[in-house]
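Numbering-wise, UniProt numbering puts 136 at position 136 of the sequence shown, and it's gapless, one number per residue. Note that CB positions come from ideal geometry on N, CA and C, so glycine has one too. Because the structure is a prediction, the values reported are computed rather than measured. See below for the structure under consideration.
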Amino acid sequence: MTLDIVHATPADPSAGVAAFPRPFFTLARTLRATGFRATRPFGAPMAKNLLIVESPAKAKTINKYLGKDFTVLASYGHVRDLVPKEGAVDPERGFAMRYELIDKNEKHVDAIAKAAKGAEHLYLATDPDREGEAISWHIAEILKERGLLKDRSLERVVFTEITPRAIKEAMTRPRAIAEPLVDAQQARRALDYLVGFNLSPVLWRKVQRGLSAGRVQSPALRMIVEREEEIEAFVAREYWTIEGEVAHPSQQFNAKLTKLDGKKVEQFTLTNETDAHAARDRIVRDAAGMLQVTDVTSKERKRRPSPPFITSTLQQEAARKLGFTTRRTMQVAQKLYEGLPIGAEGTVGLITYMRTDSVNLSQDAIVEIRDVIARDFGTRAVPDKPNTYTTKSKNAQEAHEAIRPSSALRTPASVAKYLPDDERRLYELIWKRAVASQMVPATMNTVSVDLAAGSEHSFRVSGTTIVDPGFLAVYEEGKDTKSAEDDEEGRKLPAMKTGDRLPLNRVVADQHFTEPPPRFSEASLVKALEEYGIGRPSTYASIIGTLQARKYVELENRRFRPTDVGRAVSKFLSAHFTQYVDYDFTAKLEDELDAVSRGEEDWVPLMERFWKSFKTLVDDKKDNIDRTDAGSVRVLGDDPKSGRPVSARIGKFGPLVQIGTSEDEEKPQFASLRPGQSIYSISLEDALELFKLPRDLGESNGEKVTVGIGRFGAFAKRGSTYASLAKEDDPYAIGFERAVELIEQKEEIARNRIIKQWDGIDLQVLNGRFGPYLSDGRMNGRIPKDRDPASLTLEEAQAMMEATGKPMRAKFMKKAAKKVAAKKTADKPAKKAATKKVAKKAVKKAAKKVTGKKAASKTVAKKAVAKKASTRAVEADDAPF
């Protein structure tokens, strides 16, 4: 006989079996004794169906839709990755890949495995892209290895929006895991691994240790570096424009010169002040104060709306209009997709899946959007037939949709009060773009008027007015730069006809200079990556994040500027691994991966073609490239004093200039660069200036005061005291008094650092940069804001440390250890006595609190005190909690 206990639910499911009430186990034992047995292990989920998604937020939302017959668990993203060591991909064995569980997700995998034991049907509902397919495959492989797929069905379900309708519909159309998508993802991961593990060590030997090269990040870095080199090589050209101020009776306006001396005016027709002023004088003379209208043209045109968002266009537009980074855009979009609480509706997925390259909209979505347009903007704003768009991507999955609201009926205004600010702004952007994409075109009317100044010269003015706003009533796409058309738009000209004569107030000549191409912003970089076919939209955020994390690029006024290290890496790769940072090669490889994902090509031959030539080149370059030929050394000239060569290069700790070489008898001299300087642009004169440091400023308190630049920036020094210079202090110009002031400020802080300490005890109350805190040399602890740190007793401080202590960073612990070691011997007798005294107090206190088992309590208390007493005192800089 069996008994299926279906309502044995603990108060806290996360606590496992221990959370079940004791009467539950008493009942279970009684039942077993009388011949009953449970069909499932105690504490296991009772639902017959287990559905696995990627994120806990999504799991929570979907669980509400599927009901009590389902358990929905999250994998928390990827569950396995390649073993982070050489040999994880073995080219000799068909590129066999060694995977291991990701540490932080191991507990989530165990929870999935435990739930799978009690389920009859398993569903994998990870995201509908290659990565999502690969995650499902990895979960299936883990469950298979653990023997959990016997007598259980396992199916893959896919949905692009988290709504009750979409989820339930997806559950009626399960399928098998798509092997081609998994193969494409595995090939991509293997390629990235092989490039990283083989190319990065070459960079360490030839440029600087700790550097890395990536299959996709390297072409992206090259793009930023080449733009910087274009800017540096750019030579500005002077040109002049001439405008006439026209005094029309009803409205004054300016008109641009389009014809001079009977010839069309080009950008460089006038290139200097003399010619420009001479031309202006001729026009004034010939016009004699009047212009005559010679031609008026009016042209009506239609402007179509942009398609709904795909991943890359969402990232670009959010950067332009909201100032979001690509990473921030994707994080916010993920929350909108997974679901947020919307009043009485509960938790709702507000948008469709945000990693897509398809501009398609489902038929249901189009019908609903057209209804909303008719309701809010009138039937005239609805086109006769739905607007259709064609995707640029060759591998776009047309079964997927563009990014759109899961229901256009949820207007931005109706959900605004429920959403955080970022989510509200991004949702509004997505909603407006999707709705506008299904509206009628905007009708524009452009009027152009030619005005003669005598017989040889002519001006032109144009204005564009909106006849019917169409989709512009809802949305207009942002732009990176302003064009001449933008100046015309919205300008309404007064009525004019051929033959009209209009007063010419004055003629103005303006000087201009051509400008270099702008540095890439996040929006323009994403656009360029997409145009070149480098990477895929879902990878752009991680590409940009990696370049910044590696300090290959920096954001300056929201534009990317390559660092010297980034430039050195790019120049090295471009010179010696040209093919692998080539835009066309990278794009072709992406196309081949796409072919694998469509089942048109096998991934192993693709890997073999790549690996053979790549490995040969890596092996050759390891031994045949001189470090000075690595793109990170630039010879500037000779030092006039010593005659030795002066060079700018990447050193162990970053960019520097050097006098001499390692082959010289005399050791080379080194100097760090100043902020804003680059090894690629610094002059010999500026480099020699850097060797004027350290500067000797004089003596104070019988010790020398100097100023220099170290690894962590500019400093002033007296004796053993180092004080960082403020941002406004120039180490090459700072005076003696200011340097001493900074040093004494630092010494004052050090004197006031210790608020309270106890003889023989390592624990101290210290003043830190962010206020008072506790430290024992290994751990730092918090002090409540309402507590006076100077009045703390030792017992109180120890209790606070026990409750809030967190480990210090390793470098601070080392510093503390060195100082403590010096005084440890001298303090030993006093420390021993004090420790004994504190131990006795603590034991007594512990014994009072606990009734029964007194001997055991004393032993535990003694051990705890002994452990605390063995910690080291802190005499280092503040460490973060």
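Report task. Inspect the beta-carbon positions of Ser-458 and Thr-258 and report whether they are closer than 8 Å. Result -> yes
Query - Nonlocal neighbours in the same chain, by C-beta distance under 6 Å from Leu-502, ignoring five residues either side - result: Val-246, His-248, Leu-291
Report task. Find the nearest neighbour of Glu-401 within the set Lys-417, Val-359, Met-439, judged by alpha-carbon distance. Result -> Val-359
Report task. Apply the 10 Å Cβ neighbour rule to Thr-297 and answer buried if 16 or more other Cβ atoms are within range, or exposed otherwise. Result -> exposed
Query raised in the report: Looking at the unbroken alpha helix (DSSP H) that takes in His-138, where does it start and where does it end?
Result: 130-145
Report task. Compute the Euclidean distance between the alpha carbons of Ile-403 and Trp-137, then round it to the nearest angstrom. Result -> 26 Å
Query raised in the report: Quick one: is Ser-455 buried, meaning 16 or more other Cβ sit within 10 Å of its Cβ, or exposed?
Result: exposed
Requested in this report: Report yes if the CB atom of Ile-366 is closer than 8 Å to the CB atom of Pro-386, and no otherwise.
Outcome: yes
Requested in this report: Find the nearest neighbour of Lys-224 within the set Lys-615, Met-800, Ile-650, Ser-524, judged by alpha-carbon distance.
Outcome: In the sequence as displayed, the identity of residue 224 is Ile instead of Lys. It is Ser-524.
Query raised in the report: beta strand (DSSP E) containing Ile-754: first to last residue?
Result: 754-757
Query - Residue environment, Asn-701, which counts as buried when at least 16 other CB atoms sit within 10 Å - result: exposed
Requested in this report: Excluding the 5 residues preceding and the 5 following Pro-807 in the sequence, name in chain order all residues of the same chain whose CB lies nearer than 7 Å to its CB.
Outcome: Arg-778, Met-779
Query raised in the report: Buried or exposed: where does Thr-563 fall if 16 or more other Cβ atoms within 10 Å of its Cβ makes it buried?
Result: buried
Query raised in the report: Quick one: Cα of Lys-117 to Cα of Asn-63, how far?
Result: 19 Å
Requested in this report: Identify, in the order they occur along the chain, each residue of the same chain with its Cβ nearer than 6 Å to the Cβ of Pro-180, setting aside the five sequence neighbours on each side.
Outcome: Ser-597, Gly-599
Query raised in the report: Ser-647 to Ala-687, Cα distance in whole Å?
Result: 8 Å
Requested in this report: Consult DSSP for His-108 and reduce its assignment to one of helix, strand or coil.
Outcome: helix
Query - Test item: CB-CB of Ala-111 and Leu-154 under 8 Å - result: no
**Report entry** Beta-bridge pairing of Gln-511 - partner residues as DSSP gives them
**Finding:** Trp-240
Query raised in the report: Between Arg-787 and the ligand ATP, is the CB less than 7 Å from at least one heavy atom?
Result: Of ligands this structure carries none, so the ligand ATP is not represented either.
Query raised in the report: Going along the chain, which residues of its own chain have a beta-carbon closer than 6 Å to the beta-carbon of Ile-743, five neighbours each way excluded?
Result: Ala-716, Arg-718, Thr-721, Ala-723
Requested in this report: Would you kindly work out how many angstroms separate the C-alpha atoms of Arg-561 and Lys-479, rounded to a whole number?
Outcome: 21 Å
Report task. Identify which residue in Lys-58, Ala-288, Met-800, Met-801 has its Cα closest to the Cα of Glu-338. Result -> Lys-58
Query raised in the report: Per the contact definition of three or more C-beta pairs closer than 8 Å, is the region 263-281 in contact with the region 494-501?
Result: no
Query raised in the report: Between Tyr-239 and His-512, which are expected to be in contact by the criterion C-beta below 8 Å, what is the C-beta distance as a whole number of angstroms?
Result: 5 Å
Requested in this report: Please determine, among Asp-623, Tyr-532, Glu-556, Ala-47, the residue with the shortest C-alpha to C-alpha distance to Val-392.
Outcome: In the sequence as displayed, the identity of residue 392 is Lys instead of Val. Cα-wise, what sits closest to Lys-392 is Tyr-532.
**Report entry** Whole-angstrom C-beta distance between Thr-71 and Ala-113, which should lie under 8 Å
**Finding:** Contact doesn't hold; Cβ gap of about 13 Å is too wide.
**Report entry** Anticipated Cβ contact below 8 Å, Tyr-193 with Leu-101, distance rounded
**Finding:** Tyr-193 to Leu-101, Cβ: 17 Å. No contact.
Report task. Could you give the DSSP three-state label for Arg-205: helix, strand or coil? Result -> helix
Report task. Look at the alpha carbon of Thr-514 and the alpha carbon of Phe-324, and state the distance between them as a whole number of angstroms. Result -> 30 Å
**Report entry** Segments of 3+ residues assigned as beta strand (DSSP E) that fall wholly inside the region 734-805
**Finding:** 754-757, 764-768, 771-775, 779-781
Query raised in the report: For the candidate residues Gly-654, Ser-662, Pro-655, whose alpha-carbon lies nearest to that of Arg-644?
Result: Ser-662
Query raised in the report: Going by alpha carbons, who is nearest to Tyr-76 out of Ala-416, Arg-782, Gly-654, Asp-103?
Result: Asp-103
**Report entry** N-terminal and C-terminal residue of the beta strand (DSSP E) that Met-223 is part of
**Finding:** No beta strand (DSSP E) holds Met-223; the alpha helix (DSSP H) holding it covers 217-233.
Query raised in the report: Per DSSP, Pro-645 forms a beta bridge with which residues?
Result: Asp-638
Report task. Leaving aside the five residues before and after Gln-708 along the sequence, list all residues of the same chain whose C-beta is less than 8 Å from its C-beta, in chain order. Result -> Position check: residue 708 holds Gly in this sequence, whereas Gln was assumed. Excluding positions up to five away in sequence, the list reads Leu-693, Pro-694, Arg-695, Ala-714, Phe-715, Lys-717, Pro-731.
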